[in-house]
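There are 2 protein chains.
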Amino acid sequence: MAPPSPSTTPKPRTIFSTPSCTFLFILTLTALTLYTLLHQRRHPYPITAAQKPSQNTLLHFRDTFLSLSSNYTLSTYLRNLTLHPHLAGTPPSFSTAAYVHSHFQSLGLHTHANSYSALLSYPIHSSLSAHFPNRNATTLHLSEPGSVQNGVVIPYHAYSPSGSVYAMAVFVNYGRAADYDALAALGVEVKGCVAILRRGNLSRNAAVEKAAESGAAAVLMYTEGVFRGGVERGTVNKGLGDPLTPGWPSDEGGERLDLDDSKVLEKFPAVPSMPVSADTAEIILRSLEGCAVPFGWRGTLKRGIGKVGPGPTMLNFSYQGEKKMATIHNVFSIIRGFEEPDRFVLLGNHRDAWTYGAVDPNSGTAALLDIARRYAILMRLGWTPRRTIILASWDAEEFGMVGCSLLPGSPVPMVALGCSKLEIVEVGSTEWVEQNLVNLGSKAIAYLNVDCAVQGPGFFAGATPQLDDLLVEVTKKVDELNPEGWKKLYEKWAATNDGITLLGSVEDGSWEWGLLSQIHRLGGIDSDFAPFLQHAGVPSIDLYFGKDFPVYHTAFDSYGWMTSFADPIFQRHVAVTGVWGLLALHLADDPVLPFNYLSYSAQLQSYTNVLRSMLEGLVSLHPITDAIQQFEAAAKEADEESKKLGEQDAVVDVLVLKKRTLNDRLMFAERGFLDAEGLEGRKWFKHLIYGPCSNSNSKLVFFPGIVDAMFPSTRVNQSDRQAAIQHEIWRVARAIERAAYALKGELT
Amino acid sequence: MAPPSPSTTPKPRTIFSTPSCTFLFILTLTALTLYTLLHQRRHPYPITAAQKPSQNTLLHFRDTFLSLSSNYTLSTYLRNLTLHPHLAGTPPSFSTAAYVHSHFQSLGLHTHANSYSALLSYPIHSSLSAHFPNRNATTLHLSEPGSVQNGVVIPYHAYSPSGSVYAMAVFVNYGRAADYDALAALGVEVKGCVAILRRGNLSRNAAVEKAAESGAAAVLMYTEGVFRGGVERGTVNKGLGDPLTPGWPSDEGGERLDLDDSKVLEKFPAVPSMPVSADTAEIILRSLEGCAVPFGWRGTLKRGIGKVGPGPTMLNFSYQGEKKMATIHNVFSIIRGFEEPDRFVLLGNHRDAWTYGAVDPNSGTAALLDIARRYAILMRLGWTPRRTIILASWDAEEFGMVGCSLLPGSPVPMVALGCSKLEIVEVGSTEWVEQNLVNLGSKAIAYLNVDCAVQGPGFFAGATPQLDDLLVEVTKKVDELNPEGWKKLYEKWAATNDGITLLGSVEDGSWEWGLLSQIHRLGGIDSDFAPFLQHAGVPSIDLYFGKDFPVYHTAFDSYGWMTSFADPIFQRHVAVTGVWGLLALHLADDPVLPFNYLSYSAQLQSYTNVLRSMLEGLVSLHPITDAIQQFEAAAKEADEESKKLGEQDAVVDVLVLKKRTLNDRLMFAERGFLDAEGLEGRKWFKHLIYGPCSNSNSKLVFFPGIVDAMFPSTRVNQSDRQAAIQHEIWRVARAIERAAYALKGELT
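In order, the protein sequences belong to chains A and B.
Residue numbers for the first sequence follow full-length UniProt numbering, beginning at 1 and rising by one.
Residue numbers for the second sequence follow full-length UniProt numbering, beginning at 1 and rising by one.
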């Protein structure tokens, strides 16, 4: 039988059996391959791609951060922090450190502590009795009502020498040079007496020193307007950080000056002093006879206080204290950046308190702990900062400062009082900055400080000018609960400051220096930002609610007072926490640093206008104006580049380095204001734009070197004074030039 | 007719007609697509990819660089540079600057110059005559033979005061304290006389100052072993850079001290001085009578010189000079880095000369110009450095230094003479460093200095220790023509130094400090590296052939002398150019900086051993040894990371930043040795490991602060001295700690 014809045999079917479908297949395959690879190519490096969040993701994380706000957690933290007084160097203070440490750890954050042993000062015994003309002798109360005194250190002046004096009392008002002149004019002899003075804008140290110069044998200091007979504790030290390690870290086993070294002794006043309540002071003052109180002294003086003495009232003054080495602990929590781990954004607050520290400083500590909580949640949601964020809790700040607020009742924020009020810098942060100087100088983006987060109503902020824009931006995103309901923090802030004029001009040369900018500047040394900005040149910010509070450094600075008066429902805590945490998110995550140096150059220009109004014809300001022109040009350039680079968000490595390069310029510009020689006679202060002036007659809060030359504390002839001012003008001009070069990033 | 059976019809043939070949095709296609894309993926960014050379390409460029060596071009450059004398601030000097500028430009390199106006000093008139006992009066020659004098400035001491003196001559040997003691012991009265001294290891300024202290009315200075009656010019200034702008740049219109300002005057000696030839000096010395020359003074003293005087020979000494503002010019050529344009590798050489400057400094300038030529060729071949390379030609260095070599005939390289010989720092580079402090501090990788490139036979090098390895590596790649033929530079160098022991140990506490390391250290201020290392903390290297030369600062320092004696066929020029240029290629192109800090820590340890041998029991060295341990640990860590990262060469951006981060740590570590307060009494010198000591009795070339405390120039009681040494030990320890922290890159 014949075989079947081949034509009828079914051909084996393959997918390739027809050209068309084969082509289709190949196309699809190629397309797929291409797509996969090209797609991969957009994120060639999984590790990075995964970590590198888009702008949208960042926005999402920021909103989430704000949404996580909780007055409940904040109040809980504050309650726990203020259960007992925790004076630096005491066991309760250590347990507070442990609380912060374990809080960070429990959140799974990388946590560590470092300690220094520093010379602190504590009271052993104090007593005061008055012997009135009518022969009555009365023992006077030195401490607050027992109920609150419970475990609180008795009111004292840290670092005051011990001493007993039996002498006549004399009233010296605020203890300023002018006050002693007035007394002299009345023929009143202060020599050998116990001077009674009320706190003005002199630092405690300066006030006691002045009294000693005038021959007073001891000093009693009281503060007007304090809450329920509270007494204001504080330090009378004049040094920087640990008195035994000027300019270097006081780490275990390190170099220390002897207690009797002249460089140490000169930091302590020559005569003993004690703080007393306004009531106690008034009992004495009412009993004085002699000349009538000069008219100029009245005003806030209580009725019934009419004579200045001396005597006839005799005072039996006795104070015994001890200076001793104590261990202090700084606690850190570190969130390592994924892209630039070697760039640091620091958030800092001190932890030690004179008493319970509900306002000063633990309202800030509560905020720090809450930021840690919220960041920890963000991390669980997949967030890692581009740069490293460091949360720092400082110790022993109180032994190094005069107050995070100004004297109660004073009309303007302290910064407006000029730099004279404050004389010494916080211990814990200072020692740490001295120890980490090179790494901070080369890697720190910014330091964000919060000390007394909530003292009362009204938001206040200080900043170095390149951070003004960011600060305003952020306050427009954070809500605040007002009587009128929820509002953006910015609105009230702007309203109470009749418009946030970032650069208030003072062409008329009036004396409102402190208000040159509604965002005040950081020339004072009233909190831990001082070593960062004024010694290391790190751009800084300082935030707080309320510009003064009547329980300052008293036993009444308690959780109870906070909930009854300053922030019953903790909404101010919530607001400040939002601002603080959001600022850090921007500084840590923005591809290009949110620095605007145009604002800095404008600020420098307005300072120069003030100088011109005061120095017209006396000296030439052209060195500064020329330097500012250079600086402004560099700022414009940097600003344009920032905008251009900010838009590009590729992972191209050249671009990554381009951004790093620009950011480095933005970071190092502030360092240019530092001068290795520092301020004349106070060389630890290296920043020539912002730093403390030594003369209390000046209310200027900028160019401290120039200001010191303008208001010399000792008599100098006019031509020497002129030469000194001109030289300081040159120094400032060169500092501004250095900053301009750094901002340009080019060599000459 | 029947249709043909379909089976016979030929099927249309396509490439897809069979499964197998189709498969093959698809595979090939896919493979191709994959390959192309994957390949592309390795360099996803054309711009970068094009620029980012592989290790092999880099090797190729380095070999090419060496292959481009040419003694012809070098000799031509030197010829052109030395056609006429070119003292700083004079028109010929300006035309030399123009020559360098146009050379850079003609090569198509980005070129610019910056100028400063500084106070320089020039002679107007000088004369000297001797009145011998036999009543003969002889006018003595003050200048070299007329033939060479042609256009050369007459021999003088820059910044010497003008003055005329008629007085007896007296011989004071080297003018050291010991020499005056010896004269006093002999009852020889120097007061009112013209002191004749030979140059020892005191700086000119120190020698003249000492003579003035001893009452001398004027000084004649001569140098032994100088070529054919040449006279050694030089400066007697004691300042830093421009005397009128101490510590700040002397730019046009900037601040200047008055000429009669005490801070300026103290930099100039109190009595006039002049240099004379050895012959002239001997004519006078031979004529002296009085006491015999102390035995200890003989040795190199010419026969016939037997008495010290004073007199009877009377000298009629007269010098008139003027100090005036002159414009000086630094010339730069910049090759911008493609990846890290903001990281700078600097090559520097000064251009100004006392006379023709064939050795000092233009042998170095010729090398600089040749490096520019070779780099320009590399660029045409497609090379661009990863980091920015800057070629710098400095002006007015001679007015700020005592010599790039040591006094002729001295057995050890200058650095071994300790830091006492040199007292002031080069003007052009100093002003520039002061002006660019922030950018150099934050961006400068290294400064490579060549002053007198070729003085004679034998290669010498100085470096900060982290650069030792690189230096040795490079010398193993560069050829040198020896009598035995072509050899690697390293061989001869190692041989003459009986083996390059990077860390010669001096356990026995012998006095060979200068030879602690065969690569000497840069504690002296004998060339332009001083401001970079000792003021700005930039790792530095200094290179030269020949350790001294007999035409130093004389009119004989000419092209003729170079070709007849120092380098007839310019092979030493070729060698030094190769080393210099290759060092820069490594520092600019190596992905991870070729720094080895283990070598630094070992060096520090060996210094400490020397101190121990001298201070045993007097003070405690534990602060330094502890600090060195920390430093060593950090160095080990950094070393391992360098090795690990060095191997990975991807363009992954995280990796790019990782390298940048590590390199920053390596760069900033050296800055840690800086101390803002600087050296006691000489605060401009900020580096606590390497810097000049003020006391000439010390031969130590490290830890200048400690050394000054060990050898106080004024009498102090033992306990004060001990305390001062201990304090300086603490300061050095803290500096080493800072460097360790910077190298670790972590905050405490």
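Ideal Cβ placement from N, Cα and C applies to all residues, glycine included.
Bear in mind that the values here come from a model prediction, so they are computed numbers and not experimental data.
Proximal residues to residue i (C-beta, below 7 angstroms), its chain only, five neighbours per side dropped
i         : result
Arg521(B) : Val415, Gly462, Tyr690, Val701, Phe702
Ser75(B)  : Phe570
Gly304(A) : Arg286
Gly108(B) : Ala376
Asn482(A) : Lys492
Proximity test, Cβ basis, 8 angstroms: residue i and chain A
i              : result
His43(B)       : Because the pLDDT of His43(B) is 35, which lies under 50, any placement of that residue in the model is unreliable, and the number read from its coordinates should be weighed accordingly. For His43(B), the answer is no, since every Cβ of chain A falls outside 8 angstroms of its Cβ.
Gly745(B)      : yes
Trp383(B)      : no
Ser442(B)      : yes
Trp730(B)      : yes
Gly691(B)      : no
Pro46(B)       : Residue confidence for Pro46(B) is low, a pLDDT of 33 falling below 50, so the modelled location carries little weight; the figure read from the coordinates is stated next. No, Pro46(B) does not count as interfacial toward chain A.
Trp394(B)      : no
Gly672(B)      : yes
Tyr597(B)      : no
Lys686(B)      : yes
residue 776(B) : Residue 776(B) cannot be examined here, being either before or after the span of chain B that is shown, 1 to 748.
Residue-level contact to chain B via CB, residue i, 8 angstroms cutoff
i         : result
Val438(A) : yes
Gln435(A) : yes
Glu680(A) : no
Phe631(A) : no
Leu489(A) : no
Thr245(A) : no
Residue closest to residue i, alpha-carbon to alpha-carbon, out of the options
i              : options                                    : result
Leu598(B)      : Ile624(B), Gln629(B), Val592(B), Leu585(B) : Gln629(B)
Phe595(A)      : Leu611(A), Lys659(A), Leu666(A)            : Leu666(A)
Pro361(B)      : Met274(B), Leu87(B), Ala167(B), Phe532(B)  : Leu87(B)
Leu59(A)       : His586(A), Lys658(A), Ala638(A)            : His586(A)
Leu679(B)      : Ala669(B), Asp664(B), Asn695(B)            : Asn695(B)
Asn71(A)       : Ala292(A), Leu437(A), Glu480(A)            : Glu480(A)
Thr475(B)      : Asn436(B), Phe545(B), Asp526(B)            : Phe545(B)
Pro623(B)      : Leu186(A), Gly705(A), Leu220(A), Glu252(A) : Glu252(A)
Glu209(B)      : Lys699(B), Ala177(B), His535(B)            : Ala177(B)
Ile335(B)      : Arg612(B), Leu119(B), Trp383(B)            : Trp383(B)
Ser143(B)      : Arg233(B), Gln55(B), Asn663(B)             : Arg233(B)
residue 780(A) : Ser333(A), Lys487(A), Leu611(A)            : Outside the displayed range of chain A (1 to 748) lies residue 780(A), so it cannot be described from this structure.
Proximal residues to residue i (C-beta, below 8 angstroms), its chain only, five neighbours per side dropped
i         : result
Phe631(B) : Tyr597, Tyr600, Ser601, Leu604, Ile736, Glu737, Ala739, Ala740, Leu743
Trp561(B) : Phe227, Ala358, Val359, Val551
Cβ shell of residue i (< 6 angstroms), same chain only, five flanking positions each side left out
i         : result
Pro465(A) : Ser599, Tyr600, Gln603
Tyr166(B) : Asn316
Asn672(A) : In the sequence as displayed, the identity of residue 672(A) is Gly instead of Asn. Within the same chain, Gly672(A) has close Cβ partners Arg738, Ala739, Ala742.
Ser277(A) : Gly229, Val231
Val454(B) : Ser363, Phe545, Ala566, Asp567, Arg572, His573
Gly200(A) : Tyr174
Cβ-heavy atom distance, residue i to the ligand SAM, below 7 angstroms
i        : result
Phe94(B) : Of ligands this structure carries none, so the ligand SAM is not represented either.
Notebook entry, point to check: Which of the residues in the stretch 109-125 of chain A, read from start to end, lie with their CB under 7 angstroms from any CB of chain B?
Noted result: Asn114
Do the stretch 93-100 of chain B and the stretch 612-623 of chain B make contact, defined as three or more Cβ pairs closer than 8 angstroms?
no
(message) Could you check whether the stretch 263-276 of chain A touches the stretch 207-226 of chain A, counting it as contact only if at least three pairs of C-beta atoms, one from each stretch, sit closer than 8 angstroms?
(response) yes
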